[in-house]
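J.:
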Amino acid sequence: MDRVQKALDLFYVGYNCSQSVFAAFSDLFGIPEQQALLLSSGFGAGMGGLREKCGAVTGMFLLAGLAHDGYDRTDIQSKKELYDWIKQLDQEFTQKMGTTCCRELLTNAKCLVKENPSERDEKYYQKRPCALFVETAAKMVQEHLLPHLKEEKA
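For the sequence shown, the working numbering begins at 386 and goes up steadily by one.
Following this line, the structure appears as structure tokens:
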């Protein structure tokens with residue numbers, strides 16, 4: 386299964402950026418797609434319309450937490466490893482896209498930044514760069530997180 390394409394397909398049928406990235410990979414962690422869509426539903430549009438951290442990035446971060454699988458609330462080293470991983474993903478996305486801030490990503494693309502959701506129609510998809518962010522985050526998950534999963538199972 387091409388999970389990058391699955392993320393894009395989810396986005397193009399109306400799921401938000403975070404849902405699209407998270408649900409495309411959730412089954413690898415035993416989370417059914419419908420549950421993944423619910424869990425990540427509030428993270429779209431830069432955290433529920435706040436236009437802060439890009440939802441595609443938060444979907445990727447949710448997956449990183451699951452892929453890390455060694456997080457222990459009392460293990461400072463484990464927390465540091467996860468946080469370092471998140472920072473690396475954040476830096477790489479920033480290098481590729483210029484920022485991880487939803488508002489800035491949209492402004493840089495000359496899009497009107499709105500607080501409330503827009504109708505998902507052909508015009509929306511033509512003018513919004515969000516599919517590129519979903520694709521970029523999904524590719525990063527494939528490149529950085531999936532190999533980690535295979536190592537854990539080996």
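Beta carbons are placed, not taken as given, at the ideal position from N, Cα and C, and that holds for glycine.
Please report the distance separating the alpha-carbon of residue 406 from that of residue 463.
T.: 24 Å
J.: Using only alpha-carbon positions, find the residue among 387, 495, 443 that is nearest to residue 472.
T.: Per the Cα distances, 443.
J.: Do the CB positions of residue 395 and residue 452 come within less than 7 Å of each other?
T.: No, the Cβ-Cβ distance between residue 395 and residue 452 is not below 7 Å.
J.: What three-state label does DSSP hand residue 495 in the structure shown?
T.: coil
J.: So for residue 487, helix, strand or coil by DSSP?
T.: helix
J.: Using DSSP's beta-bridge definition, name the partner residues of residue 438.
T.: 486
J.: Quick one: using the 10 Å Cβ neighbour count with 16 as the cut-off for buried, is residue 399 buried or exposed?
T.: Counting other Cβ atoms within 10 Å of its Cβ, residue 399 stays below 16 and is therefore classed as exposed.
J.: In chain order, which alpha helix (DSSP H) runs of at least 4 residues are fully inside the stretch 394-436?
T.: 402-410, 418-424, 429-432
J.: Taking 7 Å as the threshold (C-beta atoms), are residue 523 and residue 409 in contact?
T.: yes
J.: Would residue 538 be called buried (16 or more neighbouring beta carbons within 10 Å of its own) or exposed?
T.: At residue 538 the pLDDT is 49, less than 50, meaning the model places this residue with poor confidence; the figure from the coordinates comes in the next sentence. It counts as exposed.
J.: Going by C-alpha distance, which of 508, 515, 477 is nearest residue 488?
T.: Shortest Cα-Cα distance from residue 488 to any of 508, 515, 477 involves 515.
J.: Quick check on the DSSP output: the alpha helix (DSSP H) that includes residue 511 runs from which residue to which?
T.: 507-512
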